[in-house]
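Colleague:
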Amino acid sequence: MIRAEKGKPSSGSRIIDWLKWGEERLSCLPEASARESRDLLGEILEDPLAPWTRDREVLPDELSACYASWVERRRQREPFHLITGSVPFLEERFVVAPGTLIPRPETESLVENVLRILDSRSPERILDLGCGSGILGISLLKKFPKAHCLAVDRSVVPLEVSRKNALALGVLSRIHFVQGDWTEMLRLDQGFDLIVSNPPYIASGDLSGLDPEILFYEPREALDGGPDGLVFYRRLMAVLPGLLSTGGVAAVEIGSCQGDFFRSDAGFVSGCGAPLVFPDILGLDRIVLWKKG
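Everything in the sequence shown is counted per UniProt numbering, starting at 1 for the first residue and increasing by one.
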């Protein structure tokens, strides 16, 4: 049964009335329209508990206009975090913008597994390939106060967003940004202690089946991993021994169905051996890690 859409609340309406309207407008989404309605309003009020604790308060006109705009944008399947302009990652919040890949919770497991493998050792030189919004390199610089990071991306927008995040999170003096093709950067022989990357890993033929939030709003170059989704990894593996210092670690995010490729002989890297494959929070293959020497 299709319910009739309720009219937009008038000026002076309570938060609870706007929440009900938002849920109704977002009922076209695949799921969780009530949660999205609450989360959008919580972002506007800068209080995630406000939809429950302040629901009888009147929503000021300037905030209700913003909320109505955000609801309509989300109704068009614009990603939640592009609308709000930021995303939480580990203990921090990062700015995101059109032209950058939106960080996912499963990517946090890359940082967590790196910390586990390194134990108490602190890398001095970090390479972040395809830095996007800077979440990996910056998060690791926060964990390792004496480390420095080289962050590489092919596009200007991700580098600009990364720089904003580095400044806001107090690590700008320890990170150097370079715009360039990853293939060119991978020819460097610099002895990094830690290499991290969340590269494009979706097979080209699978892109059309992605959700609208991804297909129409996230940069294709951050998604398209070539015919089988493994192009970047092969390039990296070919030069990994020269990029890593002795004892150095390389950790990359992979697609959830790609783990068997790395468990096979194809995942072996001379000087680094066979990689370790770790799951994400859902138990799916997500992180591949090599160690040199």
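Glycine is no exception: its CB is placed at the ideal position from the N, C-alpha and C atoms.
Quick caveat, the model's predicted, so the values are computed rather than measured.
Who are the near neighbours of phenylalanine 268 in its chain, counting only those whose CB is closer than 6 Å to its CB and skipping five residues on each side?
Modeller: Ala274
Colleague: Select from Glu253, Ser69, Glu124 the residue whose C-alpha is nearest the C-alpha of valine 288.
Modeller: Glu253
Colleague: Identify whether proline 200 lies in helix, strand or coil by the three-state DSSP scheme.
Modeller: coil
Colleague: Could you work out which residue in Ala68, Val58, Ile44, Leu63 is closest to glutamate 24 when comparing CA atoms only?
Modeller: Residue Ala68 is the option with its Cα nearest to glutamate 24.
Colleague: Going by C-alpha distance, which of Asn198, Phe144, Ser122 is nearest residue 294?
Modeller: Any question about residue 294 goes unanswered here, given that the chain covers just 1 to 293.
Colleague: Do the stretch 78-87 and the stretch 36-43 meet, that is, are 3 or more Cβ pairs less than 8 Å apart?
Modeller: yes
Colleague: Which residues does DSSP pair with glutamate 108 in a beta bridge?
Modeller: DSSP output for glutamate 108 lists no bridge partner at all.
Colleague: Let me know if alanine 123 comes out buried or exposed under the rule of 16 or more other beta-carbons within 10 Å of its beta-carbon.
Modeller: It should be noted that the sequence gives proline, not alanine, for residue 123. Per the 10 Å Cβ criterion, buried.
Colleague: For glutamate 31, which option in Trp290, Leu223, Asp211 has the closest C-alpha, if you only look at C-alpha atoms?
Modeller: Asp211
Colleague: Whole angstroms are fine: how far does the CA of cysteine 28 sit from the CA of aspartate 17?
Modeller: 19 Å
Colleague: When burial is assigned at 16 or more other CB atoms within 10 Å of the CB, is glutamine 76 buried or exposed?
Modeller: exposed
Colleague: What does the alpha-carbon distance come out to for the pair arginine 14 and arginine 54?
Modeller: 9 Å
Colleague: Suppose the cutoff is 7 Å on Cβ atoms and the five residues either side in sequence are ignored; what does the same chain contact list for proline 279 look like?
Modeller: Asp285, Arg286
Colleague: At the level of alpha carbons, what is the spacing between leucine 101 and tyrosine 201?
Modeller: 13 Å
Colleague: Since serine 155 and glycine 99 should fall inside the 8 Å C-beta cutoff, what is the C-beta to C-beta distance between them, to a whole number of angstroms?
Modeller: In this structure, serine 155 and glycine 99 form a Cβ contact; the two beta carbons are roughly 7 Å apart against a cut-off of 8 Å.
Colleague: Within this structure, are the beta carbons of proline 115 and aspartate 193 separated by less than 9 Å?
Modeller: The question names proline, but residue 115 is leucine in the sequence shown. The answer is no: Cβ separation not under 9 Å.
Colleague: So, is arginine 74 buried or exposed, given that buried needs 16 or more other C-beta atoms within 10 angstroms?
Modeller: Counting the other Cβ atoms within 10 Å of the Cβ of arginine 74 gives 16 or more, which makes it buried.
Colleague: Pick from Gly191, Phe232, Leu223, Asp128: whose alpha carbon is nearest that of phenylalanine 177?
Modeller: The option with the nearest alpha carbon to phenylalanine 177 is Asp128.
Colleague: Three-state secondary structure (DSSP) at glycine 85?
Modeller: coil
Colleague: Answer with yes or no whether the minimum CB distance from proline 60 to chain C is below 9 Å.
Modeller: The structure shown contains no chain C; it holds only a single protein chain.
Colleague: What's the call for arginine 35, buried or exposed, on a 16-neighbour Cβ count within 10 Å?
Modeller: exposed
Colleague: Secondary structure at lysine 291, three-state DSSP: helix, strand or coil?
Modeller: In this structure, lysine 291 counts as strand in the three-state DSSP scheme.
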